[in-house]
Amino acid sequence: MKKEDISKVIENISASHIAEAESYSASAKIKIHSKAFFFKALAAACLVICTVAGAVVFATPPAHKMPPSISFEDGTKVDIAKNVPFKEIPETAPKNIRTEDHYSLMGMTHAEVEAALGFNILKYDGVTSEQIGYDTLLNDDGTIGRVNLWWANFLKESENKYITLSISMLNKGAAYGYIDAFVQGIDAAGGKKLENTVKINSLGVDAVVYTDRSSEDKLAVTFIYDNVYYQFSGHNYSQSEMLSIIEELK
Amino acid sequence: MDDSQIIELFFERSEQAIDELSKKYAPLCKKIAFNILGNSLDSEECVNDAYLGIWNAIPPQKPDPLSTFVCRIVRNTAIKRYHSNTAVKRNSIYDISLDELEGCFGQLDSVEDEYDLKLLSREIDKFLDSLSAENRVIFVRRYWFSDSIPDIAKRVAMSEHNVSARLFRLREKLKKHLRKEGYNL
Chain A
58 MKKEDISKVI ENISASHIAE AESYSASAKI KIHSKAFFFK ALAAACLVIC
108 TVAGAVVFAT PPAHKMPPSI SFEDGTKVDI AKNVPFKEIP ETAPKNIRTE
158 DHYSLMGMTH AEVEAALGFN ILKYDGVTSE QIGYDTLLND DGTIGRVNLW
208 WANFLKESEN KYITLSISML NKGAAYGYID AFVQGIDAAG GKKLENTVKI
258 NSLGVDAVVY TDRSSEDKLA VTFIYDNVYY QFSGHNYSQS EMLSIIEELK
Chain B
308 MDDSQIIELF FERSEQAIDE LSKKYAPLCK KIAFNILGNS LDSEECVNDA
358 YLGIWNAIPP QKPDPLSTFV CRIVRNTAIK RYHSNTAVKR NSIYDISLDE
408 LEGCFGQLDS VEDEYDLKLL SREIDKFLDS LSAENRVIFV RRYWFSDSIP
458 DIAKRVAMSE HNVSARLFRL REKLKKHLRK EGYNL
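As you go down the protein sequences, you meet chains A and B in turn. Quick note on this note's numbering: the first sequence kicks off at 58 and runs consecutively. Quick note on this note's numbering: the second sequence kicks off at 308 and runs consecutively.
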């Protein structure tokens, strides 16, 4: 096996192992000097490991079957779908060209996005702008793995009061890495606080409402509809204002 | 500044994002780049290239944890530079650590394409999951971060000799694990 390939194999190990190694310090080590205590602790640890391993082996579905979820700073984790959602994105859908020193979203109208993807994207009648940023992430074979849409001016009432919308979807056949990222947390900003889980009656879906420490005036509402992930970020909007706008999506 | 605030700055396309990122992660980034390239000037340039890569990736990505994402981009950028700069070859810890791993994978003949490489990565994840946290950290620090033996010894509070011996045993264990999983070594 070539060294380059060995390097690639090591490169792709799980992010959790890298994060652990990155943050580990010797102070995390607990030195136990009492022999008796050591053996008791060892026995207890074996019992816990066996129990946990058993639980993991028998209870945890494979990563690609795990539903996408959002994790909050208090340790709560809320699933936002039952399974990983996939869409069938046509091969003719446009792809972003990325080079090492150039990358930008493609600007499209809502109608152009729908024409490119071949299915509907939710829209609100009162949108401020039809302009959406379109971005593709490609699999190694050049096919589309994930599409991200960035609707920066979804609704803008003033400089301080506005809603942005982030939309993501996985294509059938998406590479493991894209699925993994989707499953591990689409909104990965830290410091999130769960505010509510609500039913969006008009769409028949459950939505998660939360805030995060990065912006005090921001309230996010997230849900998956028709296998597409939607994240509304409202600035200086109340929860009821946000939800009533979302109820009017079609 | 915490990571979510830095990410927010990237989303706002504020150049302060790079400043804040650099303030928080520059030492870590430079260390990773230096371990691979073995040269301060190259490492400095590599880290700047990596910042551009991060600027281009966020948005749309919202990495969590940010540090791991940053480490990955720096490592990739450094490895790319390493391959294009023959002068640094045989100089860096990266090269030495690859030599060590070659003993584990060198004879492996069943890896033919990217898919096989990814499967092998997953196998290594499984192997790492089977280790104690300390052993896992020693392995990942050596082969992902390309840390030197003295640096690892300091991090895990062990002697350098013990770290070397532990790494040897871990490589042997990895070989055994791969054979058990059907890899022809």
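For each residue, glycine too, the CB sits at the ideal point set by N, CA and C.
Item: At least one CB of chain B closer than 7 Å to the CB of A:A76: is that the case?; Value: yes
Item: Any beta-carbon of chain A closer than 7 Å to the one on B:Y450?; Value: yes
Item: Enumerated in chain order, which unbroken segments of the alpha helix (DSSP H) with a length of 4 residues or greater are wholly contained in the segment 224-293 of chain A?; Value: 233-241
Item: In angstroms with no decimal places, state the Cα-to-Cα distance between B:A340 and B:R462.; Value: 18 Å
Item: Please report the residue range of the alpha helix (DSSP H) in which B:D330 lies.; Value: Correcting the residue type first, residue 330 of chain B is Lys in the shown sequence and not Asp. Run containing B:K330: Q323 to L344, per the alpha helix (DSSP H) assignment.
Item: For chain B, find out if any of its Cβ atoms is closer than 7 Å to the Cβ of A:A72; answer yes or no.; Value: yes
Item: Of the residues that make up the segment 327-360 of chain B, which ones have a beta carbon closer than 9 Å to any beta carbon in chain A?; Value: L335, D356, L359 and G360
Item: Any Cβ of chain A within less than 7 Å of the Cβ of B:V395?; Value: Note that B:V395 has pLDDT 47, beneath the 50 cutoff, so the model's placement of it is unreliable and the number below is only indicative. For B:V395, the answer is no, since every Cβ of chain A falls outside 7 Å of its Cβ.
Item: Among B:R443, B:D458, B:E319 and B:A464, which residue has its Cα nearest to the Cα of B:L477?; Value: B:R443
Item: Would you say B:T375 and B:A357 are within 7 Å of each other, going by their C-beta atoms?; Value: no
Item: Closest to A:S215 by CA distance: which of A:Y294, A:Y181 and A:G132 is it?; Value: A:Y294
Item: Taking the straight line between their C-alpha atoms, what separation do you get for B:L485 and A:L206?; Value: 41 Å
Item: For A:S259, I'd like the list of residues in its chain whose CB is within less than 6 Å of its CB, leaving aside the five on either flank, ordered along the chain.; Value: E304
Item: Name, going along the chain, the residues of the segment 200-224 of chain A whose beta-carbon falls closer than 7 Å to a beta-carbon of chain B.; Value: N205 and W207
Item: Quick check: what's the CA-CA separation for B:I456 versus B:S471?; Value: 7 Å
Item: Using a Cβ-Cβ cutoff of less than 6 Å, which residues in the same chain neighbour B:K337 once the five nearest sequence positions on both sides are dropped?; Value: S350 and V354
Item: Short check: CB of A:A76 to CB of B:P372, under 7 Å?; Value: yes
Item: At least one CB of chain A closer than 7 Å to the CB of B:T384: is that the case?; Value: no
Item: What span of residues does the alpha helix (DSSP H) with B:R449 cover, start to end?; Value: A440 to Y450
Item: In the DSSP assignment, the alpha helix (DSSP H) including A:Q188 goes from what residue to what residue?; Value: It is not in any alpha helix (DSSP H) - A:Q188 instead sits in the beta strand (DSSP E) that spans Q188 to L195.
Item: Using the C-alpha atoms, what's the distance from B:R449 back to B:P334?; Value: 18 Å
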